[in-house]
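Protein chains in written order, with my numbering: chain A, 107 to 328; chain B, 126 to 529.
Beta carbons are placed, not taken as given, at the ideal position from N, Cα and C, and that holds for glycine.
No experiment lies behind these values; they were computed from the predicted model shown.
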């Protein structure tokens with residue numbers, strides 16, 4: 107399963123089919139066995155943070171002022187996910203998250219009702235030192251020695267339920283612009299094919315990633 | 126049988142809903158200033174929108190995604206935020222232009238300053254949005270819009286020479302006023318190929334649960350509906366060419382454009398023009414309002430749907446209402462509706478590449494359209510026209526502004 111292709115920006119629904127939003131980010135925990143996907147984040151703060159930290163600050167302040175949520179992203183655990191298809195369906199009803207607080211309040215206002223109470227259980231806790239956001243990993247420059255060979259364009263996960271460990275990174279020339287680059291080339295029938303690096307060959311240090319061994323050993327995406 | 130009825134209704138509503146402030150204004154100005162010379166621009170724009178509308182219906186039928194939904198998923202929020210903001214600004218201006226068009230139509234019928242009619246019109250648009258489902262909005266707008274067939278009747282009665290019309294379908298350069306000609310040509314394309322139409326049509330297809338097995342209905346509706354709709358637009362140009370141009374009227378206001386009907390319909394002329402303008406603009410105003418809700422709800426993953434009760438899709442309803450209020454406020458500034466229309470049409474052409482180019486990529490992605498991909502020739506054709514139009518707009522619009 108590929109993070110950007112199969113999960114990021116995909117619509118999420120609760121167990122009853124109510125739309126909760128879209129996957130705005132993901133959280134990886136770096137363990138001894140390698141990085142593992144621990145949660146997917148949705149909500150205005152997660153979205154704003156992905157666009158710009160200043161926007162996240164404003165989104166947080168607005169949520170707290172409106173008493174609309176916790177001012178933190180909503181983190182869905184991998185165990186919460188029932189099915190990944192055209193949309194991502196959860197095991198939970200929306201009332202267990204704050205994802206539809208604004209919607210239900212607006213509905214209650216229109217119906218002249220008391221708005222329901224929502225659970226805070228899925229409010230994301232602050233990132234730990236061994237955790238990274240997908241939005242921070244994607245686009246990271248990858249070096250072979252001192253030579254930059256590209257940027258991380260995609261993150262591959264073995265299985266979101268059974269084993270959500272990262273297996274490979276796809277390294278390409280344009281990083282987050284991968285989608286646009288592929289798009290532009292796809293218009294004329296070509297496709298950019300990045301290099302596939304096994305997870306144990308990539309080490310993250312600060313804002314860059316180091317490839318162990320030679321880039322010549324890496325295979326291109328089919 | 127019901128499929129055939131849906132097909133015929135789809136074609137009828139496409140024809141009736143085709144003509145609005147932008148197409149009337151640009152075609153009338155084109156005819157008044159350059160006679161038949163810009164007929165090719167309407168034909169070209171009609172061809173483009175027919176292809177694009179068919180593609181958006183195909184995307185919806187095969188993937189279950191609307192255009193905005195698919196662009197967010199395929200390209201991510203970093204890309205989507207740019208066309209989203211551009212469409213927000215553009216749709217606000219377009220909505221203001223359409224509200225101004227309806228208000229001007231009422232002014233032609235009843236009198237009074239057009240600004241006085243803006244708020245009542247906006248309230249009725251809001252009422253229709255809040256109380257009607259998709260079919261009522263789409264079909265109602267389309268059927269009422271058949272009053273615009275009065276342009277077809279007018280053009281037929283004026284008996285233009287078929288040879289002159291046929292010659293004008295071939296692109297040509299004018300003998301004078303190149304920048305004015307270019308701006309009107311660009312505006313004709315902008316009036317017809319409005320980005321909001323792509324998402325509106327795909328959203329409607331999802332709402333009406335268009336299936337893959339009915340792609341032939343989508344194809345027929347798109348080409349027949351947009352084709353006949355373009356013909357109506359052409360008859361606006363022809364009528365203006367044969368009534369306004371000989372009188373030296375340059376169609377610099379809707380009041381001047383209304384003079385194209387009395388030579389054909391006598392005392393009923395202005396009334397008929399006002400009804401055509403008013404109904405066409407009203408329908409477009411409702412669609413733009415509805416599409417604002419669609420756009421935001423689909424990009425951010427909220428509940429949406431004209432067939433949902435508004436209290437069950439509250440954010441969708443409130444965002445659409447917010448755009449309606451914004452458009453009303455712009456219209457209330459008193460800016461001439463025709464000027465606003467012309468500016469909006471030119472801006473549309475500038476924004477088009479941001480929506481159409483990613484859309485073309487989607488139409489070649491098998492994850493979305495399966496085996497129903499578009500061919501490379503069609504992609505390149507549309508991409509060249511879209512980019513070419515935007516480049517031309519970048520040159521011509523400043524020329525017009527600074528050249529007065």
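Problem - Boundaries of the alpha helix (DSSP H) in which residue 158 of chain A is found, first to last residue - result: As a first step, residue 158 of chain A must be located in the first chain, where it is residue number 52. In this chain, residue 158 of chain A is not harboured by any alpha helix (DSSP H), its DSSP state being neither H nor E.
Exercise for the section: Report the neighbours of residue 436 of chain B on chain A: residues whose CB is nearer than 7 Å to its CB, in chain order. Expected result: As a first step, residue 436 of chain B is located in the second chain; it is residue number 311 there, counting from the start. Residues of chain A whose Cβ lies closer than 7 Å to the Cβ of residue 436 of chain B are, in chain order, 213, 216 and 217.
Exercise for the section: Take residue 326 of chain B as the anchor and find which of B:466, B:135, B:127 and B:522 has the nearest alpha-carbon. Expected result: Residue 326 of chain B sits at position 201 when you count from the first residue of the second chain. Selected option, being the one with the closest Cα: B:135.
Exercise for the section: Can you check the segment 388–435 of chain B for any alpha helix (DSSP H) of at least 4 residues that lies completely inside it and give the ranges in chain order? Expected result: Taking only runs of at least 4 residues, the alpha helix (DSSP H) segments lying wholly in the segment 388–435 of chain B are 394–425.
Exercise for the section: Could you check the C-alpha separation between residue 192 of chain A and residue 129 of chain A for me, to the nearest Å? Expected result: Sequence index remark: in the first chain, residue 192 of chain A carries index 86 (1-based). Sequence index remark: in the first chain, residue 129 of chain A carries index 23 (1-based). Distance between the alpha carbons of residue 192 of chain A and residue 129 of chain A is about 13 Å.
Problem - chain A within 8 Å of residue 439 of chain B, Cβ atoms only - result: Within the second chain, numbered from 1, the residue matching residue 439 of chain B stands at position 314. Residue 439 of chain B has a beta carbon lying within less than 8 Å of a beta carbon in chain A.
Practice task
Going by DSSP, name the residue or residues bridged to residue 258 of chain A.
Solution key: Start at 1 with the first residue of the first chain, and residue 258 of chain A comes out as number 152. Secondary-structure assignment with DSSP links residue 258 of chain A through a beta bridge to A:277.
Practice task
Determine which residues of the segment 182–212 of chain B have a Cβ less than 9 Å from any Cβ of chain A, and write them out in chain order.
Solution key: Here the close residues are 188, 189, 190, 194, 197, 198, 199, 200, 201, 202, 203, 204, 205 and 206.
Exercise for the section: Determine which residues of the segment 179–208 of chain A have a Cβ less than 7 Å from any Cβ of chain B, and write them out in chain order. Expected result: Here the close residues are 192 and 208.
Problem - C-beta atoms of residue 269 of chain B and residue 404 of chain B nearer than 8 Å - result: Sequence index remark: in the second chain, residue 269 of chain B carries index 144 (1-based). Sequence index remark: in the second chain, residue 404 of chain B carries index 279 (1-based). Yes, the Cβ-Cβ distance between residue 269 of chain B and residue 404 of chain B is below 8 Å.
Exercise for the section: In angstroms with no decimal places, state the Cα-to-Cα distance between residue 436 of chain B and residue 125 of chain A. Expected result: For the purposes of this step, residue 436 of chain B is taken as the residue at position 311 of the second chain. For the purposes of this step, residue 125 of chain A is taken as the residue at position 19 of the first chain. As the crow flies, the alpha-carbon of residue 436 of chain B is around 15 Å from that of residue 125 of chain A.
Exercise for the section: Step through the CB atoms of chain A and report whether any lies within less than 8 Å of the CB of residue 503 of chain B. Expected result: In the second chain, counting from the first residue as 1, residue 503 of chain B sits at position 378. So, not an interface residue.
Practice task
Indicate whether residue 379 of chain B and residue 245 of chain B have their beta-carbon atoms separated by less than 8 Å.
Solution key: Position 254 of the second chain holds residue 379 of chain B. Position 120 of the second chain holds residue 245 of chain B. No, the Cβ-Cβ distance between residue 379 of chain B and residue 245 of chain B is not below 8 Å.
Handout entry: Classification of residue 115 of chain A by the beta-carbon crowding that lies within 10 angstroms, buried from 16 upward
Key = Along the first chain, one-based indexing puts residue 115 of chain A at 9. In this structure residue 115 of chain A is buried. Its beta-carbon is surrounded by 16 or more other beta-carbon atoms within 10 angstroms.
Practice task
Would you mind giving the Cβ-Cβ distance between residue 279 of chain B and residue 229 of chain B, rounded to the nearest angstrom? I have them listed as a contact below 8 Å.
Solution key: Walking along the second chain from the start, residue 279 of chain B turns up at place 154. Walking along the second chain from the start, residue 229 of chain B turns up at place 104. Cβ atoms of residue 279 of chain B and residue 229 of chain B stay farther apart than 8 Å, at about 19 Å.
Practice task
Report yes if the C-beta distance between residue 420 of chain B and residue 212 of chain B is below 8 Å; otherwise report no.
Solution key: Translated into positions along the second chain, residue 420 of chain B becomes position 295. Translated into positions along the second chain, residue 212 of chain B becomes position 87. Yes, the Cβ-Cβ distance between residue 420 of chain B and residue 212 of chain B is below 8 Å.
Exercise for the section: Below 8 Å on the Cβ atoms is my guess for residue 153 of chain B versus residue 376 of chain B; work out the distance and round it to an integer in Å. Expected result: Locating residue 153 of chain B in the second chain gives position 28, counting from the first residue. Locating residue 376 of chain B in the second chain gives position 251, counting from the first residue. 5 Å between Cβ atoms; contact.
Exercise for the section: Report the three-state DSSP secondary structure of residue 287 of chain B (helix, strand or coil). Expected result: Indexing the second chain from 1 puts residue 287 of chain B at position 162. Correct three-state label for residue 287 of chain B: helix.
Handout entry: Segment limits, beta strand (DSSP E) that includes residue 130 of chain A
Key = For the purposes of this step, residue 130 of chain A is taken as the residue at position 24 of the first chain. Residue 130 of chain A: not part of any beta strand (DSSP E); DSSP gives it neither H nor E.
Problem - Buried or exposed (CB count within 10 angstroms, at least 16 for buried), residue 247 of chain B - result: For this step, residue 247 of chain B is matched to residue 122 along the second chain. It counts as buried.
Exercise for the section: Sort out for me which residues DSSP pairs residue 304 of chain A with in a bridge. Expected result: Position 198 of the first chain, counted from the start, is the residue given in the question as residue 304 of chain A. Per DSSP, A:274.
Handout entry: Nearest candidate by alpha-carbon position, reference residue 127 of chain B, set B:339, B:329 and B:522
Key = As a first step, residue 127 of chain B must be located in the second chain, where it is residue number 2. Checking every option, the nearest Cα to that of residue 127 of chain B belongs to B:339.
Handout entry: Residues near residue 282 of chain A by beta carbon distance below 7 Å, same chain, minus five either side
Key = As a first step, residue 282 of chain A must be located in the first chain, where it is residue number 176. A caution first: residue 282 of chain A carries a pLDDT of 49, below 50, which makes its placement in the model unreliable, though a value can still be read off. Same-chain partners within the cutoff: 244 and 245.
Practice task
For residue 458 of chain B, count neighbouring Cβ atoms within 10 angstroms of its own Cβ and tell me buried if that reaches 16, exposed if not.
Solution key: If you number the second chain from 1, residue 458 of chain B lands on position 333. By the neighbour-count rule (16 or more Cβ atoms within 10 Å), residue 458 of chain B is not buried but exposed.
Exercise for the section: Examine chain A for any beta-carbon lying closer than 8 Å to the beta-carbon of residue 418 of chain B, and answer yes or no. Expected result: Looking up residue 418 of chain B in the second chain gives position 293. Residue 418 of chain B does not count as touching chain A.
Exercise for the section: Name, please, each residue of chain B whose Cβ falls closer than 7 Å to the Cβ of residue 116 of chain A. Expected result: One-based indexing of the first chain puts residue 116 of chain A at position 10. By Cβ distance, chain B contributes 198.
Exercise for the section: Compare the C-beta of residue 160 of chain A against all C-beta atoms of chain B and say whether one is closer than 8 Å. Expected result: Along the first chain, one-based indexing puts residue 160 of chain A at 54. Interface annotation, residue 160 of chain A: not in contact with chain B, CB-CB separation never under 8 Å.
Handout entry: Inter-stretch contact at 8 Å, needing at least 3 Cβ pairs: the segment 307–318 of chain A / the segment 423–441 of chain B
Key = As far as the Cβ criterion goes, the segment 307–318 of chain A does not touch the segment 423–441 of chain B, which means the pair count is below three.
Problem - Span of the beta strand (DSSP E), counted from its first residue to its last, around residue 316 of chain A - result: What you label residue 316 of chain A is simply residue 210 of the first chain in a count that begins at 1. Counting along the chain, residue 316 of chain A sits inside the beta strand (DSSP E) bounded by residues 314–317.
Practice task
Report yes or no: do the segment 135–149 of chain A and the segment 261–270 of chain A share at least 3 C-beta pairs separated by less than 8 Å?
Solution key: As far as the Cβ criterion goes, the segment 135–149 of chain A touches the segment 261–270 of chain A, which means the pair count is three or higher.
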